[in-house]
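For the sequence shown, our numbering gives the first residue as 11, with consecutive numbering after it.
Below is one structure; the comments refer to it alone.
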Amino acid sequence: MGLSPANGIFNRRQCNILKDNKINSAIMKRIKIYFNNSRMAFFILLMGLISCDDFLEISPKDQISDSYVWTDADQADLFLNNIYASLPSVINRFDPWENWSDDAMDGAEGTTSRNVYAIAAYTPSNAETQWGQYSNIRKCNLFIENVTNSGLADEWKKLRLAEARFLRAYFYSLLWNWHGGVPVITDVLSYTEQGDEIFRARNSSEETLKFITDECAAIANDLPLTASQKGRITRGAALTLKGWCELFNASPLHNSSNEKAKWTLAAATYKSVMNLNVYSLFPNYESLFYEENNFNNETILARPQIGGTTLGRSTEGFASATYTGGTQTSYGMLNPTQEIVDEYAMANGLPITDPNSGYDPQNPYLNREKRFYQSIVYDGSVWNGIIMHSRLGKGSFNELDLGISTTATNTGYYYRKGLKEKYAISGENKLSSANSILFRYAEVLLSYAEAQNEAVGPDASVYNAVNAVRTRSELPALKEGLTQNEMRIAIRRERRVELAFEERRWYDLIRLKIAEEKLNGTLHAMKIEEIDGRLVYTVIPAPGGTRVFYANRNYYIPIPQSAMDKNSKLEQNPNYN
Numbered sequence: 011m012g013l014s015p016a017n018g019i020f021n022r023r024q025c026n027i028l029k030d031n032k033i034n035s036a037i038m039k040r041i042k043i044y045f046n047n048s049r050m051a052f053f054i055l056l057m058g059l060i061s062c063d064d065f066l067e068i069s070p071k072d073q074i075s076d077s078y079v080w081t082d083a084d085q086a087d088l089f090l091n092n093i094y095a096s097l098p099s100v101i102n103r104f105d106p107w108e109n110w111s112d113d114a115m116d117g118a119e120g121t122t123s124r125n126v127y128a129i130a131a132y133t134p135s136n137a138e139t140q141w142g143q144y145s146n147i148r149k150c151n152l153f154i155e156n157v158t159n160s161g162l163a164d165e166w167k168k169l170r171l172a173e174a175r176f177l178r179a180y181f182y183s184l185l186w187n188w189h190g191g192v193p194v195i196t197d198v199l200s201y202t203e204q205g206d207e208i209f210r211a212r213n214s215s216e217e218t219l220k221f222i223t224d225e226c227a228a229i230a231n232d233l234p235l236t237a238s239q240k241g242r243i244t245r246g247a248a249l250t251l252k253g254w255c256e257l258f259n260a261s262p263l264h265n266s267s268n269e270k271a272k273w274t275l276a277a278a279t280y281k282s283v284m285n286l287n288v289y290s291l292f293p294n295y296e297s298l299f300y301e302e303n304n305f306n307n308e309t310i311l312a313r314p315q316i317g318g319t320t321l322g323r324s325t326e327g328f329a330s331a332t333y334t335g336g337t338q339t340s341y342g343m344l345n346p347t348q349e350i351v352d353e354y355a356m357a358n359g360l361p362i363t364d365p366n367s368g369y370d371p372q373n374p375y376l377n378r379e380k381r382f383y384q385s386i387v388y389d390g391s392v393w394n395g396i397i398m399h400s401r402l403g404k405g406s407f408n409e410l411d412l413g414i415s416t417t418a419t420n421t422g423y424y425y426r427k428g429l430k431e432k433y434a435i436s437g438e439n440k441l442s443s444a445n446s447i448l449f450r451y452a453e454v455l456l457s458y459a460e461a462q463n464e465a466v467g468p469d470a471s472v473y474n475a476v477n478a479v480r481t482r483s484e485l486p487a488l489k490e491g492l493t494q495n496e497m498r499i500a501i502r503r504e505r506r507v508e509l510a511f512e513e514r515r516w517y518d519l520i521r522l523k524i525a526e527e528k529l530n531g532t533l534h535a536m537k538i539e540e541i542d543g544r545l546v547y548t549v550i551p552a553p554g555g556t557r558v559f560y561a562n563r564n565y566y567i568p569i570p571q572s573a574m575d576k577n578s579k580l581e582q583n584p585n586y587n
């Protein structure tokens, strides 16, 4: 459990500032290359945590002692940068977590999301888990302990310790969101020194939450408003994480009695982010997510990606339209459902269910709001220079797959948001440099609006926050005089559309405790056929779109059985035994 380098010396294979027994092998391979090429400064740049003018000139060391790491700021930075690299990526895996929600489903049979999570077949033995965050938390604890006791410059220590404490709080927030209360560990565990004392019982949900929010509050003023090195943690990130956890705690999952004080607390924290006057909405929703706009004025926290390398973003290759001109260019692993498509308003701002909206179910893609066209590939739209057809009988490789026998769409739609078409062709390695945005200002505005509306009702500040997001997409302001419930519905719709495919929907279903409603039944697809010379649009149950959710257990993911077997003090989440 504790670090035990041979003879107290770290060679290039065992350097503790760059690896533990679970570090990603691809990252480790690249790190060793940089050591061998005497290019440690370039590695820091690749981690996305340093500007072009801020290269660290570090003399390469063939052997680095443990004590030296904590007496040299550059070496300690390498250790911390490795922790930064453990921040999650959004929609950057073969079977994205978005497919657990009602907004999307995978495009292939045999996947975990379809055969395990969609039908609530996950158990302590097969469930995905955030338990691996304890490896990252351990590294944070190691950094905090050693830097605190080091003789490094006080100002450097204060800043870097605040960053490490944020990262630790962030990793704990993932554990808390998924599992509820977990063991809160802030010391460096060593079985050699502590024996069985390293096995800790779970803290309560309230204690875990308090640890996260207290940490964020404690470090906020030690963090800068803007980072001198792009990608590093700022005050806004700490306050936003605090607000997100408070919003989660104010929601029905943790607030069955609807205590207004919890909503008020979340609203106040989000308001403090707004009052920093650092962030604003990026003018163009579509290009907000492109690599050329990394670290724009809307981004609060992001994980950098390095295009053309194993550290690049592979979303285009995993999740975009499966075929381009008859050639497979993606796995098509994220198919938007009819449920999310129907949430996009008309260009006049009215929902398609409003009789005055002008929506035509037999011409459903006409005059929709801009975010629809910027987020969804639909029949007749252009992707990568090709008109895409999911309609039946056209002979397209992208034709709606009714038999679940290909990787073509099972909903009639493909994912577009934030994707660059050039990465969906050979020669670009399908790996882009677009950041994975974890927190952005639009979410702050919508979260503030939600919390404030629940706390006091739809006051002017609620309207202002929601309308700012709508205005960016050229939608009219919400009509005046909405009731609290009408505003609640409007905010939830706005949030679902604005944050679509950013891996927020599943969390919202859980915290709002509506998963049992939205994830029981069958998701829907659009079947398009040409009949008597005209296209006929029919909403049908999506092939493979079955959803099952057990309210008595599935609001929490189980503790992995492997952890339970090692630690007898752990208690399993309800109804998984």
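Glycine included, each C-beta is placed from N, C-alpha and C at the ideal position.
Do you know offhand how far residue 452's Cα is from residue 511's? The residue you call residue 452 lines up with position 442 of the sequence shown. The residue you call residue 511 lines up with position 501 of the sequence shown. Straight-line spacing of the CA atoms in residue 452 and residue 511 works out to 14 Å.
Alpha carbon to alpha carbon, how far is residue 578 from residue 152? Give it in angstroms, no decimals. On the sequence shown, residue 152 is found 142 positions in, with the first residue counted as 1. On the sequence shown, residue 578 is found 568 positions in, with the first residue counted as 1. Looking at the two C-alpha atoms, the distance is approximately 25 Å.
Between which two residues does the alpha helix (DSSP H) holding residue 209 run? By one-based count along the sequence shown, residue 209 stands at place 199. Premise fails: residue 209 is in no alpha helix (DSSP H) and is neither H nor E.
Rounding to the nearest angstrom, what Cα-Cα distance links residue 145 and residue 95 in this structure? Locating residue 145 in the sequence shown gives position 135, where the first residue counts as 1. Locating residue 95 in the sequence shown gives position 85, where the first residue counts as 1. One C-alpha to the other measures close to 13 Å.
Just to confirm, is the Cβ distance from residue 557 to residue 585 under 7 Å? Translated into positions along the sequence shown, residue 557 becomes position 547. Translated into positions along the sequence shown, residue 585 becomes position 575. In this structure, residue 557 lies away from residue 585, with their beta-carbon atoms at least 7 Å apart.
Which of the three DSSP states, helix, strand or coil, is assigned to residue 549? If you number the sequence shown from 1, residue 549 lands on position 539. Looking at residue 549 - three-state DSSP - the assignment turns out to be strand.
If you draw a straight line from the alpha carbon of residue 86 to that of residue 163, how long is it in whole angstroms? Sequence index remark: in the sequence shown, residue 86 carries index 76 (1-based). Sequence index remark: in the sequence shown, residue 163 carries index 153 (1-based). Between the C-alpha atoms of residue 86 and residue 163 there is a straight-line separation of about 12 Å.
Could you name the residues that DSSP lists as bridge partners for residue 312? The residue labelled residue 312 in the question sits at position 302 within the sequence shown. 447, per the DSSP bridge assignment.
With a floor of 4 residues, list each alpha helix (DSSP H) that falls wholly inside the stretch 489 to 544, ordered by position along the chain. Counting only runs of 4 or more, we get 494 to 508, 515 to 521, 525 to 528.
Checking 7 Å against the spacing of the C-beta atoms, do residue 555 and residue 532 come in under that value? Here residue 555 refers to the residue found at position 545 when the sequence shown is read from its first residue. Here residue 532 refers to the residue found at position 522 when the sequence shown is read from its first residue. For the 7 Å CB-CB criterion, residue 555 and residue 532 form a contact.
Out of 198, 92, 82, 487, which has the shortest C-alpha to C-alpha gap to residue 161? Position 151 of the sequence shown holds residue 161. When each option's Cα is compared against that of residue 161, the closest is 82.
Around the Cβ of residue 310, are there at least 16 other Cβ atoms within 10 angstroms (buried) or fewer (exposed)? On the sequence shown, residue 310 is found 300 positions in, with the first residue counted as 1. A residue is called buried when at least 16 other Cβ atoms come within 10 angstroms of its Cβ; residue 310 meets this threshold and is buried.
Given that a residue counts as buried once 16 or more other Cβ atoms are within 10 Å of its Cβ, and exposed if not, what is residue 246? Residue numbering aside, residue 246 sits at position 236 when the sequence shown is read from its first letter. Classification for residue 246: buried.
Residue 261, DSSP secondary structure in three states: Your numbering for residue 261 matches position 251 in the sequence shown. Reduced to three states, the DSSP call for residue 261 is coil.
With residue 272 as the anchor, note down where its alpha helix (DSSP H) starts and where it stops. Here the question's residue 272 lines up with position 262 in the sequence shown. Residue 272 -> alpha helix (DSSP H) spans 270 to 284.
Express the C-alpha separation of residue 390 and residue 409 in angstroms, rounding to a whole number. Within the sequence shown, numbered from 1, the residue matching residue 409 stands at position 399. Within the sequence shown, numbered from 1, the residue matching residue 390 stands at position 380. Residue 409 and residue 390 have their alpha carbons spaced roughly 12 Å apart.
7 Å Cβ cutoff met for residue 98 and residue 523: Looking up residue 98 in the sequence shown gives position 88. Looking up residue 523 in the sequence shown gives position 513. Their beta carbons are not under 7 Å apart, which means residue 98 does not touch residue 523 by this criterion.
So what does DSSP say about residue 560, is it helix, strand or coil? As a working note, residue 560 is residue 550 in the sequence shown. Three-state result, residue 560: coil.
Could you have a look at residue 356 and say whether DSSP puts it in helix, strand or coil? Start at 1 with the first residue of the sequence shown, and residue 356 comes out as number 346. Reduced to three states, the DSSP call for residue 356 is strand.
On the DSSP letters alone, give me the boundaries of the alpha helix (DSSP H) that residue 187 sits inside. Position 177 of the sequence shown holds residue 187. Taken as a continuous stretch (DSSP letters only), the alpha helix (DSSP H) holding residue 187 covers 164 to 189.
For residue 158, three-class secondary structure by DSSP: In the sequence shown, residue 158 corresponds to position 148, counting from 1. Of the three classes helix, strand and coil, the one that applies to residue 158 here is helix, per DSSP.
Rounded distance between the beta-carbons of residue 434 and residue 477, thought under 8 Å: Here residue 477 is taken as the residue at index 467 of the sequence shown, counted from 1. Here residue 434 is taken as the residue at index 424 of the sequence shown, counted from 1. The Cβ separation is near 35 Å, so there is no contact.
Assuming the contact rule is C-beta atoms closer than 8 Å, residue 168 and residue 232 should be a hit. Round their C-beta distance to whole Å, please. Numbered from 1 along the sequence shown, position 158 holds the residue referred to as residue 168. Numbered from 1 along the sequence shown, position 222 holds the residue referred to as residue 232. Right, the Cβ-Cβ distance comes to about 5 Å (below 8 Å), so this counts as a contact.
Short of 8 Å in beta carbon distance, which residues of its chain neighbour residue 286, apart from the five on each side in sequence? Order them along the chain. Looking up residue 286 in the sequence shown gives position 276. If we look at residue 286 and ignore the five residues flanking it on each side, its Cβ neighbours are 235, 245, 246, 249.
Would you mind working out which of 348, 80, 104, 406 sits nearest residue 170, comparing C-alpha positions? Taking the sequence shown and counting its residues from 1, one reaches residue 170 at position 160. Among 348, 80, 104, 406, the Cα nearest to that of residue 170 belongs to 80.
By a C-beta neighbour count over all protein chains shown, 10 Å radius and 16 as the cutoff for buried, is residue 140 buried or exposed? On the sequence shown, residue 140 is found 130 positions in, with the first residue counted as 1. Buried.
Between the Cα of residue 351 and those of 506, 293, 316, spot the shortest distance and give me the residue it belongs to. Taking the sequence shown and counting its residues from 1, the one referred to as residue 351 is at position 341. Distances from the alpha-carbon of residue 351 to those of 506, 293, 316 put 506 closest.
Identified DSSP bridge partners for residue 137: Your numbering for residue 137 matches position 127 in the sequence shown. Looking at the DSSP assignment, residue 137 forms no beta bridge with any residue, so it has no partner.
Can you tell me where the alpha helix (DSSP H) holding residue 343 begins and where it ends? The count along the sequence shown starts at 1 and reaches residue 343 at position 333. Segment: none, residue 343 is in no alpha helix (DSSP H) and carries neither H nor E.
For residue 399, which of 538, 136, 191 has the nearest alpha-carbon? The sequence position of residue 399 within the sequence shown is 389, counting from 1. When C-alpha distances from residue 399 are compared across 538, 136, 191, the shortest belongs to 538.
Could you compute how far the alpha carbon of residue 388 sits from the alpha carbon of residue 572? To locate residue 388, count along the sequence shown from 1; it is residue 378. To locate residue 572, count along the sequence shown from 1; it is residue 562. Taking the CA atoms as reference points, residue 388 sits about 43 Å from residue 572.
Look at residue 470 and residue 101 and say whether their C-beta atoms are less than 7 Å apart. Along the sequence shown, read from residue 1 onward, the residue named residue 470 stands at position 460. Along the sequence shown, read from residue 1 onward, the residue named residue 101 stands at position 91. Taking C-beta atoms as the reference points, residue 470 and residue 101 fail to come closer than 7 Å.
Taking just the CA atoms, how far does residue 143 sit from residue 159? The residue you call residue 159 lines up with position 149 of the sequence shown. The residue you call residue 143 lines up with position 133 of the sequence shown. Straight-line Cα distance between these residues: approximately 24 Å.
Bridge partner(s) assigned by DSSP for residue 111: If you number the sequence shown from 1, residue 111 lands on position 101. Paired residues: none, contrary to the question.
Proximity to residue 210 [Cα-Cα], best of 221, 197, 273: Mapped onto the sequence shown, residue 210 falls at position 200. Looking at the Cα atoms, 197 is the closest of the given residues.
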